[in-house]
Amino acid sequence: MNYRAVETAAEYVARLETGADWRAEIESLADAVDADAAWFTALGAVQDAELWFYDQDECEYHPIAFDEPLEVASCTGNVSWLDGERFAHTHAVLSDPDGEAVAGHLNEATVWAGEVHMRVFEEPLEREYDEVTELDLWL
Ligand code: ZN
């Protein structure tokens, strides 16, 4: 395990722009407030979505596309540096008109409406390629 203490530098709430990309909006917020590390929760609704599932045998992400309105019942994630850019690692539980849920790593989704709470930390976080998992993990 790799761990560190973190101090909250600031907290923000934000409304995401209709028609924008869900994850890009969170990354824009992180850029706007100079967040070098953050944790966030969010909720709302999207017009479509692409979730990714990581196959641990193949060490590859498999995309799952949804071209329909979905509720963002729950979304959580964090911001850290990856390849010189702020990356919002975003997971979400999305629900359909029957209340059925799908979930996973959220790559992209078109915002219908979204509300975010972001807690920014004093200490920066950075990702680097990990040979065992073939994922970009925190240093
Ligand atoms: Zn993920």
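Numbering (the numbering used here), first residue to last: -15 to 123.
Glycine included, C-beta positions come from ideal geometry on N, C-alpha and C.
Item, Value
"Would you mind stating whether E11 and E107 have Cβ atoms separated by less than 9 Å?", "no"
"If F140 and V63 are in contact, beta carbons under 8 Å, what's the gap, nearest whole angstrom?", "This structure cannot settle anything about residue 140, because the visible part of the chain is limited to -15 through 123."
"Nearest CA to the CA of E55: which residue from T74, D32, L66, D67?", "D32"
"Just checking, does the region 94 to 103 make contact with the region -9 to 2 on the three C-beta pairs under 8 Å criterion?", "yes"
"In three-state terms, what does DSSP make of L119?", "strand"
"Leaving out five residues before and five after E118 in sequence, what residues of the same chain have Cβ atoms less than 6 Å from its Cβ?", "C43"
"Beta carbon of F105, beta carbon of A21: below 9 Å?", "yes"
"Thinking C-beta only, is V100 closer than 9 Å to F24?", "yes"
"Nearer than 8 Å: is that true of the beta carbon of H89 relative to any heavy atom of the ligand ZN?", "yes"
"Can you list, in chain order, the residues of its chain with a C-beta nearer than 6 Å to that of N91? Leave out the 5 residues immediately preceding and following it.", "E34, W36"
"With H, G and I counted as helix, E and B as strand and the rest as coil, what does DSSP make of D67?", "coil"
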